[in-house]
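J.:
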Amino acid sequence: FRYVAMRYGNRIFHKRGIKAESPKWRQDRRVFEAWCEGRTKCDFVNANMRELAATGFMSNRGRQNVASYLVHDLGVDWRLGASWFEHMLLDHDPASNCGNWIYVAGVGNDPRPNRKFNTTGQAERYDADGKYRRHWSHATLELDLQ
């Protein structure tokens, strides 16, 4: 994504990304805050967001899933998610962060339209036993009680 940033400059930070399309995203603060706090209807997304809050880290698989969920399922502007990641991730890199967000949001350099992740299918495939989701739901409850 560093080459994308060199090629397109600050366009990687714009709502339209590097494409001319302008999807209609919401700026719903209530929905966005629920996503940030891991209080959505998707336990896989919630687990990843809680891991991020507790550790400052999230796997690439998790990053793609939570980004897709925010943009495609909740309809929230990708820039809010990118800004949250910038604030929370210990390994934040501007080119990688925005490059991945515009890619998932459909305004980046992916030739396939509507890059929507099936978060339920991803959870079944990569956390079939539910151990990851259970761990982070319990870890969050324990942190809240302290």
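Taken in order, the sequence shown gives residues 1062 to 1207; the numbers are from the numbering used here.
Here a beta-carbon is modelled for each residue, glycine too, at the ideal position from N, C-alpha and C.
This structure is a prediction, so every number in the text was calculated from the model and none was measured.
Considering R1124, what are the terminal residues of the alpha helix (DSSP H) in which it resides?
T.: Segment N1121 to S1129, the alpha helix (DSSP H) holding R1124.
J.: Distance, Cα to Cα, R1111 vs F1062?
T.: Going from the Cα of R1111 to the Cα of F1062 covers about 26 Å.
J.: Mind reading off the beta-carbon distance from E1082 to V1168? Whole number of angstroms is fine, and I expect it under 8 Å.
T.: Confirmed, about 6 Å.
J.: Going by DSSP, which residues form a beta bridge with V1106?
T.: Partner(s): none; V1106 has no beta bridge.
J.: Take every Cβ of the segment 1144-1161, pair it with every Cβ of the segment 1172-1185, and state whether three or more of those distances are shorter than 8 Å.
T.: As far as the Cβ criterion goes, the segment 1144-1161 does not touch the segment 1172-1185, which means the pair count is below three.
J.: Measuring from the CB of R1122, is there a heavy atom of the ligand NAD at a distance below 6 Å?
T.: Of the ligands one can find in the structure shown there are none, so the ligand NAD has no counterpart to examine.
J.: Classify V1168 as helix, strand or coil using the three-state DSSP reduction.
T.: Coil.
J.: Throw me the rounded Cβ distance for the N1109 and M1119 pair, which I believe falls under 8 Å.
T.: Rounded, the Cβ-Cβ distance is 5 Å, consistent with contact.
J.: Are Y1130 and C1103 close, meaning C-beta to C-beta below 7 Å?
T.: It is a contact, given that the beta carbons lie within the stated cut-off.
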